[in-house]
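Scroll down for the structure; my scribbles are underneath it.
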Amino acid sequence: MKLTIIGCSGSFPGPHSSASCYLVTQEHEGRMWRIALDLGSGALGPLQRHIALEDLDAVCLSHLHPDHYMDLTGLHIAVKWRPGGWPTQRIPVHGPAGTDARIAAAHGIDPAPGMHDEFDFHHWTPEQPTTIGPFTITPITVRHPIDEPYALRIEAAGEDGTTRVLTYSGDTDSCRGLVEAARGADVFLCEAAYQDGRDDAIEGIHLNGDRAGAAAAEAQVGRLLLTHLPAWTDPNVVREHAALRYNGNIAVAADGVTYHI
2 MKLTIIGCSG SFPGPHSSAS CYLVTQEHEG RMWRIALDLG SGALGPLQRH
52 IALEDLDAVC LSHLHPDHYM DLTGLHIAVK WRPGGWPTQR IPVHGPAGTD
102 ARIAAAHGID PAPGMHDEFD FHHWTPEQPT TIGPFTITPI TVRHPIDEPY
152 ALRIEAAGED GTTRVLTYSG DTDSCRGLVE AARGADVFLC EAAYQDGRDD
202 AIEGIHLNGD RAGAAAAEAQ VGRLLLTHLP AWTDPNVVRE HAALRYNGNI
252 AVAADGVTYH I
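Be aware that the sequence shown starts at 2, since it is given in my numbering, and climbs by one per residue.
Here's what the structure looks like:
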């Protein structure tokens, strides 16, 4: 399984990265499978540096804030208006209940049919696994001020036959669901939007380095990748504080970098 960072800027696109989008790929049954975890503001452009849009097997949304799903509007245009027609099936979109209506409203179109001709919408059920090619994806409820915020636990068999696990936190503050989603993960892609020492009093929205590190340590993950840092958050401060709580491998996610899991 490979993880490519398409966009890792927190809350809005930054000067060097789009908002949240992470490409996960793995070969299975003779072909490469490709899913996008979130498709936030500005992500559709850089995604095309890595794959052709018609090769996308699914979009998996953590929650319905614009920095995590808004570029579905652009993908809809790409599918609907491609000269000669879209060459493959509707793209599956897995997300919270109401994703179809929300994205139709964002684009200013009638929800019936909305984007159903372009996308095959599926709603997450908490802790109910969904299989997409080689990937088993389990949404686990986390703590963020919106209906149905999820962390996503992605499992797939490695080349040696053992199961590899990537956990994506989505957006969350500290909670039991986050730790359970990350339990034993090989890679924990964890948001840390708040800067330690500056934003410590804000509760119930995002993690900082300290809280991300604490979750990684409790979950006993193999590697911590800090992500979703806004332009005004210092990655060095966040990383240093995470390292005070978690003594494993830590890095700050970087746009365009591919990690092998």
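Here a beta-carbon is modelled for each residue, glycine too, at the ideal position from N, C-alpha and C.
Beyond the five residues adjoining it in sequence on each side, Pro14 comes within less than 6 Å, by CB distance, of Ala20, Ser42, Gly43 in the same chain, given in chain order. Secondary structure note for Pro67: it is in no beta strand (DSSP E), and the uninterrupted alpha helix (DSSP H) holding it is 67-70. Secondary structure of Leu48 (DSSP, three-state): helix. The C-alpha of Trp125 lies about 9 Å from the C-alpha of Ser63. Taking all protein chains in view, the Cβ of Glu192 is crowded by 16 or more other Cβ atoms within 10 Å, so the residue is classified as buried. Minimum Cα-Cα distance from Gly171 among the listed residues Tyr247, His69, Gly185, His77 corresponds to His69.
If you check the CB distance, Leu65 and Ile133 do not come in under 8 Å. The residues His124, in chain order, have a CB closer than 6 Å to that of Ala98 in the same chain once the five nearest residues on each side in sequence are set aside. Closest option to Ala183, judged by alpha-carbon separation, among Asp211, Ala202, Ala217: Ala217.
In this structure, Ala157 keeps its C-beta atom at 8 Å or more from the C-beta atom of Ile141. With a contact defined as Cβ atoms closer than 8 Å, Ile138 and Pro150 miss out at about 15 Å. If you ignore the 5 residues before and after Trp233, its C-beta comes within less than 7 Å of no other C-beta in its own chain.
Non-local beta-carbon contacts of Met33 in its own chain, meaning distances under 7 Å to residues more than five positions away in sequence, involve Thr26 in chain order.
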